[in-house]
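*Asks:* The structure is given below, and queries will be raised subsequently.
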Amino acid sequence: MKIIEGVENLTAANRGSAVTIGNYDGVHLGHQRIIAELIKESEKRALKSTVITFEPLPREYFSPSERFGRLTSIEERAELLFDAGIEQVLCLRFDQQLAKQSPDEFVRSTLVEGLDAGHLVIGDDFKFGCNREGDYAYLQQVGEQHGFTVNNTESFEMNGVRVSSNAIRQALDTGDISTAEHYLGRPFMAGGPILKGDQLGHTIGFPTANVDVGDRYLPISGVFAVVVCIQESNNSELGECRWLDAVANIGTRPTVNGRDRRFEVHILDFEENVYGKNLKVRFIERLRDEQKFDGLDELVIQINSDVNQARELLKQL
């Protein structure tokens, strides 16, 4: 299945839809609850289950200088949505024109003329349109005029916490991988192309793969036990490779006076050349904070300790 890019690319085959609208960054358990409700309603009404999402995300558009970071790319979002049973993903470019679009215009051009929506399922905090003027009550009202119905879903909570993309980021900010995975409903992973670094790791006996994750949100700086999957490209299926034990470091490398935040991975008992390939990393557990050592000898001693600790931990998987 493919992402439909823009209302202008909708065809008659896309009409007759049950629709939900949102960022769906992470496609976490809260999102999955809405998706399950949407699929149930679409099957009951013989409509196509459809998710409308945005690129860039509205928060990225309105606050371009803010450190935001995504949990999933648009391609990953779509893949997760399709895997969950969604039939159509419509991606709208979030630009000045869309940001200024009134709720009335959005309903007319996208929901009615574009998708011929018969039913909407939205979250209880959903708002849309210029100045976020559109909401559940508004959709109920205009739905009567345009022939679609609407229902909203309550927030999904775990242990009294509303599951959201921000709650997942907050868990990652404390290195709490387990909580992030509980909210996601699946393992937390990040990845990207492997770039050639300054070879310091190789010099001290611990070669690392420098992973370019782009705008992906990463956990707090520190050292992590991880498992990795080497892929020929970013589009490779996870089933096409074997998982390897590894240790990852996120941080600025203060021992060598580094400045840029990097994501470096040392794969245990592995000597192959992986430059130019893609690395998918599953985080297992945070081992320690990033530290500044008095020299490379102290750093090597600590890395040996990290490797041994990771080995013992990963044996239990």
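Under this note's numbering, read the sequence shown as residues -10 to 306, first letter to last.
Even glycine gets a Cβ: it sits at the ideal position worked out from N, Cα and C.
1) Based on Cα-Cα distance, which residue from Cys230, Asn262, Gln280, Val270 lies nearest to Val245?
2) Going by C-alpha distance, which of Ala1, Trp232, Tyr264 is nearest Asp187?
3) Evaluate Asp84 with the Cβ neighbour count: other Cβ atoms within 10 Å of its Cβ, from every protein chain shown; 16 or more gives buried, anything less gives exposed.
4) Measuring only the C-alpha atoms, how far is Glu377 from Leu285?
5) From Asp124 to Gly58, what does the alpha carbon distance come to, in whole angstroms?
6) When the Cα of Gly103 is compared with those of Arg248, Val8, Val216, which residue comes out closest?
7) Can you name the residues that DSSP bridges to Phe252?
8) Just how far apart, CA to CA, sit Phe282 and Gly211?
9) According to the neighbour-count rule (16 or more other Cβ atoms, all chains shown, within 10 Å of its Cβ), is Met178 buried or exposed?
10) In the structure shown, what three-state DSSP assignment does Gln298 receive?
11) Among all the DSSP beta bridges, which residues are the ones paired with Gly180?
12) Pull up the CB-CB distance for Val40 and Leu70, whole angstroms please, since I reckon it's below 8 Å.
13) Could you work out which residue in Thr192, Val200, Pro176 is closest to Lys185 when comparing CA atoms only?
14) Where Pro208 and Asn238 are concerned, what is the direct C-alpha to C-alpha distance, given to the nearest angstrom?
15) Within the continuous beta strand (DSSP E) that includes Glu260, where are the two ends?
*Replies:* By the coordinates alone:
1) Ranking Cys230, Asn262, Gln280, Val270 by Cα distance to Val245 puts Gln280 first.
2) Closest option to Asp187, Cα to Cα, is Tyr264.
3) Burial call: exposed.
4) In the structure as shown, the chain starts at -10 and stops at 306, and residue 377 therefore has no counterpart that could be examined.
5) Distance between Asp124 and Gly58, taken at the CA atoms: about 26 Å.
6) The shortest C-alpha separation from Gly103 is found at Val8.
7) Beta-bridge pairing links Phe252 to Ile239.
8) CA-CA distance, Phe282 to Gly211, rounds to 14 Å.
9) Flag for Met178 reads buried.
10) Gln298: helix per DSSP, three-state reduction.
11) DSSP output for Gly180 lists Lys269 as bridge partner(s).
12) Cβ atoms of Val40 and Leu70 come within 8 Å of each other, at about 5 Å.
13) Val200 is the residue among Thr192, Val200, Pro176 whose C-alpha sits nearest the C-alpha of Lys185.
14) Between Pro208 and Asn238, the C-alpha separation is close to 10 Å.
15) Element bounds for Glu260: n/a, residue is neither H nor E.
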